[in-house]
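Using this note's numbering, the first residue of the sequence shown is number -6, and each one after it goes up by one. The structure appears below as structure tokens.
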Amino acid sequence: MILIAIGHNIMHIIIALLAGILFIASLFAYTRTKRTKFMYICGAFLVFSIKETILAINIIAFGTDPLMMLTHFLDLIILALFAIGIFK
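So this is what it looks like as structure tokens:
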């Protein structure tokens, strides 16, 4: 059970780091091309990275899944930004 919890914590940290890297890559793409769609994709990766960082800190500090409503709301924003970036 403890190994599962540790793996869960590590997974959130890895996801937050990967989202941060993708944010930086999409930010470079936006600054190079100035295409609006990259700005939305960049925003989505930034919000995703923030959400995963919040989850990782809360799970590591408190050992629970607090702030579920906030993370679901952030998921909705992420999906909306990706949709705008793809379809615009």
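Here a beta-carbon is modelled for each residue, glycine too, at the ideal position from N, C-alpha and C.
Cutoff 7 Å; reference residue i; Cβ partners in own chain excluding five residues on either side
i: L48; result: H5, T64
i: F16; result: C35, F38, L39, S42
i: A12; result: F38, F41, S42, E45
Span separating the alpha-carbon of residue i from that of residue j
i: L39; j: G0; result: 23 Å
i: L67; j: T24; result: 25 Å
i: T46; j: Y33; result: 20 Å
i: K44; j: R28; result: 25 Å
i: L26; j: L20; result: First, the amino acid is wrong: residue 26 is Thr here, not Leu. About 10 Å.
i: L10; j: A18; result: 12 Å
Cβ-based neighbour list, residue i, same chain, cut-off 8 Å, excluding 5 preceding and 5 following
i: K30; result: I77, G78, I79, K81
Residue i in three-state terms, based on DSSP
i: K44; result: helix
i: R25; result: helix
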